[in-house]
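For reference, the structure discussed in these notes is given below.
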Amino acid sequence: MEKIPEKFLNKDGSLNTDALLKSYYELEKKMGTMITVPGTDADAATRAKFNHAIGVPDDASKYPTNELFDDESLREKFFEIGLTTSQVEKIYQIAEEFLTPVLSELFDVQNETNAVNELKNFFGDEQKMCDALRAINSFGQKYLPQDAFSALCATPQGIRSIYAMMQSIEPTIQTDDTTQKNLTDEELRRMMRDPKYWRDMDPEYVRKIENGFKKLYS
């Protein structure tokens, strides 16, 4: 027979039933608050009790949201596998830490692609865009403060505004042979018969003719 612990004995060695009953009640109370990890054959109520105890919300909509990675189907998956609220918050934190730089780079690439396509459409094609950008660069460096020029060149709208500014104040017109001169009314009207003007509406070619007339009659 195992020896009875001294805390359950009176001074005369007899059994202290009060101390024994008190210890039993405390043990019963503690066991009542303990949560057993449900096995594979556990019923839904047992699983729900366990999930609630460890911090799993009552339904998927109660999970925290995230601006970049939040998705209803993703929250349903979290709920299905029994993740706690703190675990989901940690997942979002890790995702932001590792994926945000990658997403930011992808957004930058996409924005750059969209900007190039917008300028191509405006100027006509890639070659005309490149020619116009070279002219804009020369114009900007000559006439605009560096900070203002850099800020305008950051967006397609800014580049188009420089182009419009260049059209309005450029003092001479550059002809196809790259020489700088003032053209006569007859020469300008002859240029207007070129398909690049009336059919293709080449922005750079049209600009040359418009500037020529401005120089002659303004």
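In this note's numbering, the protein residues as written are 32 to 249. Positions of the beta carbon are idealized from the N, C-alpha and C atoms, including for glycine. Please read all numbers here as calculations on a predicted model, not as lab measurements.
Among the options, whose alpha-carbon lies nearest the alpha-carbon of residue i?
i: glutamate 111; options: Arg220, Ile125, Val119, Ala91; result: Ala91
i: lysine 95; options: Glu120, Gln141, Gly243; result: One detail in the question is off: residue 95 reads as proline in this sequence, not lysine. Comparing Cα-Cα distances from proline 95 to each of Glu120, Gln141, Gly243, the minimum goes to Glu120.
i: lysine 246; options: Cys161, Asn97, Leu214; result: Leu214
i: glutamine 198; options: Phe129, Gln141, Gly243; result: Gly243
i: alanine 163; options: Val147, Leu219, Asp89; result: Val147
i: glutamine 172; options: Lys151, Tyr194, Lys159; result: Tyr194
i: glutamate 241; options: Phe129, Leu219, Lys159; result: Leu219
i: glycine 86; options: Ser117, Phe109, Glu103; result: Ser117
Between the alpha carbons of residue i and residue j, how many angstroms are there, rounded?
i: lysine 34; j: threonine 48; result: 16 Å
i: leucine 46; j: alanine 79; result: 43 Å
i: proline 187; j: threonine 144; result: 11 Å
i: aspartate 156; j: arginine 230; result: 15 Å
i: aspartate 207; j: alanine 166; result: Because aspartate 207 carries a pLDDT of 47, less than 50, the predicted location of this residue cannot be relied on, and no value is offered for it.
i: valine 13; j: arginine 221; result: Nothing can be reported for residue 13: it is not among the residues displayed for the chain, which extend from 32 to 249.
i: glutamine 177; j: isoleucine 190; result: 14 Å
i: leucine 52; j: aspartate 89; result: 38 Å
i: glutamate 107; j: alanine 50; result: 51 Å
i: phenylalanine 129; j: lysine 93; result: 25 Å
i: asparagine 54; j: threonine 77; result: One detail in the question is off: residue 54 reads as serine in this sequence, not asparagine. Roughly 28 Å separates the two Cα atoms.
i: glutamate 103; j: alanine 182; result: 40 Å
i: leucine 40; j: leucine 105; result: 59 Å
i: methionine 232; j: tyrosine 174; result: 27 Å
i: lysine 159; j: lysine 239; result: 13 Å
i: phenylalanine 81; j: glutamate 57; result: 22 Å
i: glutamate 217; j: cysteine 161; result: 30 Å
i: alanine 179; j: alanine 185; result: 10 Å
i: alanine 84; j: alanine 75; result: 14 Å
i: aspartate 43; j: glycine 70; result: 48 Å
i: serine 73; j: glutamate 37; result: One detail in the question is off: residue 73 reads as alanine in this sequence, not serine. Rounded to whole angstroms, alanine 73 to glutamate 37 spans 41 Å at the Cα level.
i: proline 226; j: glutamate 149; result: 24 Å
Would you identify the three-state DSSP class for residue i, choosing helix, strand or coil?
i: leucine 46; result: strand
i: leucine 114; result: coil
i: leucine 40; result: strand
i: leucine 87; result: Strictly speaking, residue 87 in this sequence is valine, with leucine absent from that position. Here valine 87 sits in coil by DSSP.
i: asparagine 35; result: With the sequence shown as reference, residue 35 is identified as isoleucine, and asparagine is not the correct amino acid for it. The answer is coil: DSSP assigns isoleucine 35 none of H, G, I, E or B.
i: glycine 243; result: helix
i: leucine 175; result: coil
i: glycine 189; result: helix
i: methionine 232; result: coil
i: glutamate 128; result: helix
i: cysteine 184; result: coil
i: proline 95; result: coil
i: aspartate 162; result: helix
Is the beta carbon of residue j closer than 9 Å to that of residue i?
i: phenylalanine 170; j: proline 234; result: no
i: isoleucine 125; j: leucine 114; result: no
i: asparagine 168; j: glutamate 127; result: no
Are the C-beta atoms of residue i and some chain D residue less than 9 Å apart?
i: alanine 79; result: Reference to chain D is not applicable here, since this structure consists of a single protein chain.
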